[in-house]
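Heads up, the sequence shown is in the numbering used here, so the first residue is 29 and it goes up one at a time. Even for Gly, the Cβ is constructed at its ideal location relative to N, Cα and C. Given the structure is predicted, the values throughout are model-derived calculations rather than measurements.
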Amino acid sequence: MFAVTVTFVVKEQYLDDFKQVMKAQATNSLNREPGCHQFDVCFDPSDARRVFLYELYTDKAAFEDHLKTDHFLNFDSTVKDWLISKTAENWQQWSSSRG
Numbered sequence: 029m030f031a032v033t034v035t036f037v038v039k040e041q042y043l044d045d046f047k048q049v050m051k052a053q054a055t056n057s058l059n060r061e062p063g064c065h066q067f068d069v070c071f072d073p074s075d076a077r078r079v080f081l082y083e084l085y086t087d088k089a090a091f092e093d094h095l096k097t098d099h100f101l102n103f104d105s106t107v108k109d110w111l112i113s114k115t116a117e118n119w120q121q122w123s124s125s126r127g
């Protein structure tokens, strides 16, 4: 499996809008992409502007396909001016707690 983590810091005035489009992005990724197995969205309890994503794909190719989808491209374009920062990292899963 191929894991992706993303940390956003969202401008406060866009936080409600960001939450709405982020929820749609997660739902679309899970429902429309057979290679997307998990898409968790977490908010920092001490600073709601900080958002953490954990995404799990079959492999790197499935993630690269994700980056080409209309729903991702629309999301990325919509939120780009709402962000203070965005940091993405890729991870290769080598062990699972499920066995």
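The criterion of a C-beta distance shorter than 8 Å is not satisfied by arginine 78 and valine 107. As the crow flies, the alpha-carbon of aspartate 72 is around 21 Å from that of aspartate 104. As computed with DSSP, valine 34 is found in a beta bridge with Leu81, Ala116.
Of the candidates Glu40, Thr86, Ala76, Trp110, the residue whose Cα lies closest to the Cα of asparagine 118 is Thr86. Nearest to asparagine 56 by alpha-carbon distance, out of Thr115, Thr97, Trp122, Thr33, is Thr97.
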